[in-house]
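Asks: Here you go, one structure.
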DNA sequence: GCTTGACCTTCCAGCAGATGGAAGGTCCAT
DNA sequence: ATGGACCTTCCATCTGCTGGAAGGTCAAGC
């Protein structure tokens, strides 16, 4: 299986697959012509990576998850810990974005958005200590 | 005013302020000894940048907002457009994170998190097409 | 057998937005 | 004059790819 086939089957760009090899996430063999030759185990790993990345896990998380996946003697607690920490990161990010969203939507609503220079958005940005009503 | 004073007044690390000079967001004069000499206008700009960045605007957004801020003849519509587009970006990001959060919290809940290898999280990652109940 | 086009390879550069650290100059108080 | 807290520049690093150049390979069609 060449890289193009793996790309279309996993949805990962070929560039990304090469990058994953670079950083040691997969180690495909090579054909005589130098082409990467993926077997079904590698394909499976890459699908696993694609799914993990799509859930927002970092590359290092993915590396850890993949190692756990391949370790028949793993404790599910170890997997849960990784996922739980990631969930906490997501919650922090969500809170941050929601705070931004709240301020921004208030300001956007308050701005006339016409051809006059008067602008509550700029007023807020210029006065970091202003507290919206 | 030296960079350290500006850093403590704006909350921006000195490194970041130098970086902002590098990319042309501020242009402080220099003292005879080569030290950056910030006046109150530069201080104000940096506070504006700090606030804009804290609301998640990109550096290029900040550049545009700063230019609008300094343009007495601006139309508030132009400011509103930048903010509105940013709000839309935030909403897309929120939706993405909420989707991740939903899947992850479901999986974390389902995982026993004990010393046994059986793990619904890994099961999901390994089967990208699985649909949580 | 030759061309064409779709593959594949490596390598290097760049994105955002800083941040860390090394090596060295300056300023001020003691 | 010495120490420590400043300041300077420059270069490397982080995350996770992505783009592009320059070139090798393969299979189909003529």
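Chains as they are written, first to last, in the working numbering: chain U, 34 to 166; chain V, 34 to 166. Idealized CB from N, CA, C, for every residue including glycine.
I want to verify the contact list: residues of chain V whose CB lies under 9 Å from the CB of residue 49 of chain U, in sequence order.
Replies: Taking the first chain and counting its residues from 1, the one referred to as residue 49 of chain U is at position 16. The premise fails here: residue 49 of chain U is roughly 15 Å from chain V at the closest Cβ pair, so nothing lies under 9 Å.
Asks: CA-CA distance, residue 122 of chain V and residue 81 of chain V?
Replies: If you number the second chain from 1, residue 122 of chain V lands on position 89. If you number the second chain from 1, residue 81 of chain V lands on position 48. If I take the Cα positions, the gap works out to 21 Å.
Asks: With a threshold of 8 Å between beta-carbons, can residue 79 of chain U be considered close to chain V, or not?
Replies: Position 46 of the first chain, counting from 1, holds the residue named residue 79 of chain U. Not an interface residue.
Asks: With 8 Å as the threshold, decide whether the Cβ of residue 70 of chain U is near any Cβ in chain V.
Replies: Reading the first chain from its first residue, position 37 is the one you call residue 70 of chain U. With 8 Å as the cut-off, residue 70 of chain U does not count as an interface residue toward chain V.
Asks: On the three-state DSSP scale, how would you describe residue 149 of chain V?
Replies: On the second chain, position 116 is the one that residue 149 of chain V refers to. Residue state, collapsed to three classes: coil.
Asks: Hey, residue 61 of chain V and residue 54 of chain V: beta-carbon distance below 8 Å or not?
Replies: To locate residue 61 of chain V, count along the second chain from 1; it is residue 28. To locate residue 54 of chain V, count along the second chain from 1; it is residue 21. Yes, these two residues count as a Cβ contact at 8 Å.
Asks: Find the residues of chain V that neighbour residue 116 of chain U, judging by a C-beta separation of less than 8 Å, and give them in chain order.
Replies: If you number the first chain from 1, residue 116 of chain U lands on position 83. Going along chain V in sequence order, the residues near residue 116 of chain U (Cβ under 8 Å) are 137, 140, 141, 144, 154.
Asks: Excluding the 5 residues flanking residue 101 of chain U on each side, which residues of the same chain have their C-beta closer than 8 Å to its C-beta?
Replies: Walking along the first chain from the start, residue 101 of chain U turns up at place 68. Here the set comprises 107, 111, 112, 115.
Asks: State the start and end residues of the unbroken alpha helix (DSSP H) segment that holds residue 74 of chain U.
Replies: Indexing the first chain from 1 puts residue 74 of chain U at position 41. From DSSP, the alpha helix (DSSP H) with residue 74 of chain U extends over 73–87.
Asks: Residue 63 of chain V by DSSP, collapsed to three states: which one?
Replies: Position 30 of the second chain holds residue 63 of chain V. Three-state DSSP puts residue 63 of chain V in a strand.
Asks: When we look at the beta-carbon of residue 132 of chain V and count the other beta-carbons within 10 Å, is it buried (16 or more) or exposed?
Replies: For the purposes of this step, residue 132 of chain V is taken as residue 99 along the second chain, with counting starting at 1. Answer is exposed; the Cβ neighbour count stays below 16.
Asks: Buried or exposed: residue 91 of chain U, going by 16 or more other Cβ atoms within 10 Å of its Cβ?
Replies: Numbered from 1 along the first chain, position 58 holds the residue referred to as residue 91 of chain U. Answer is exposed; the Cβ neighbour count stays below 16.
Asks: Inspect the beta-carbon positions of residue 119 of chain V and residue 151 of chain V and report whether they are closer than 8 Å.
Replies: Here residue 119 of chain V refers to the residue found at position 86 when the second chain is read from its first residue. Here residue 151 of chain V refers to the residue found at position 118 when the second chain is read from its first residue. No. Outside cutoff.
Asks: Grab me the residues of residue 144 of chain U's own chain with a C-beta within less than 7 Å of its C-beta, minus the 5 sequence neighbours each way, in chain order.
Replies: Mapped onto the first chain, residue 144 of chain U falls at position 111. Once the five neighbours on either side are set aside, the close Cβ partners of residue 144 of chain U are 152, 153, 154.
Asks: Hey, could you find the ends of the alpha helix (DSSP H) residue 124 of chain U is sitting in?
Replies: If you number the first chain from 1, residue 124 of chain U lands on position 91. 109–143 is the span of the alpha helix (DSSP H), which, as asked, contains residue 124 of chain U.
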